[in-house]
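Trainee: Everything in the sequence shown is counted per this note's numbering, starting at 14 for the first residue and increasing by one.
C-beta atoms are modelled at their ideal positions from N, C-alpha and C, and glycine is treated no differently.
Owing to the predicted nature of the structure, the values given are computational and were not obtained by experimental measurement.
A single structure is presented below for examination.
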Amino acid sequence: MKKLISLVLISFFVTGCFFRVHKIDVDQGNIITEENVRELHKGMSQSQVKEIMGNPVLVNIFTPERMDYVYTLQKGHEKMSEKRLTLVFRRGTLQEIIQN
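Below is the structure:
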């Protein structure tokens, strides 16, 4: 019985030292694809942009002439990656596309 308990404790210790806890991929926000960004062009209305990109996750009530799209992805234990797309409108039409 003593050997069995020792064996169980040693197996828990050994497996705890070698294996990492599985971490799932986490993605959040608006998916920003190059194909969708290529479809955008100056002069489009906000409703046309929303048809292509969807509603932005970030909405700033103080700057209605700006739409911010953010997408983050963290794969397992890797560093989180982020894509941002900012669209600036003047008088209801798209004037500037800022991407990083």
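#1: Based on the DSSP output, what are the partners of L17 in its beta bridges?
#2: Output the residue ranges of the beta strand (DSSP E) runs that lie fully inside the region 27–89 and measure 3 residues or longer, sorted by chain position.
#3: How is the beta strand (DSSP E) around R97 delimited, first residue to last?
#4: Of all the options S60, Q41, I65 and I44, which has the alpha carbon lying nearest to the alpha carbon of E52?
#5: May I have the straight-line CA-CA distance separating M57 from S94, to the nearest angstrom?
#6: Are there 16 or more other CB atoms within 10 angstroms of the CB of P77, so buried, or fewer, so exposed?
#7: Could you give the first and the last residue of the continuous beta strand (DSSP E) run that contains E91?
Mentor: According to the structure data:
#1: Note: L17 sits in no beta bridge, so no partner.
#2: 39–42 and 79–87
#3: S94 to R103
#4: I65
#5: 29 Å
#6: exposed
#7: First-last for E91: undefined, no H or E at that position.
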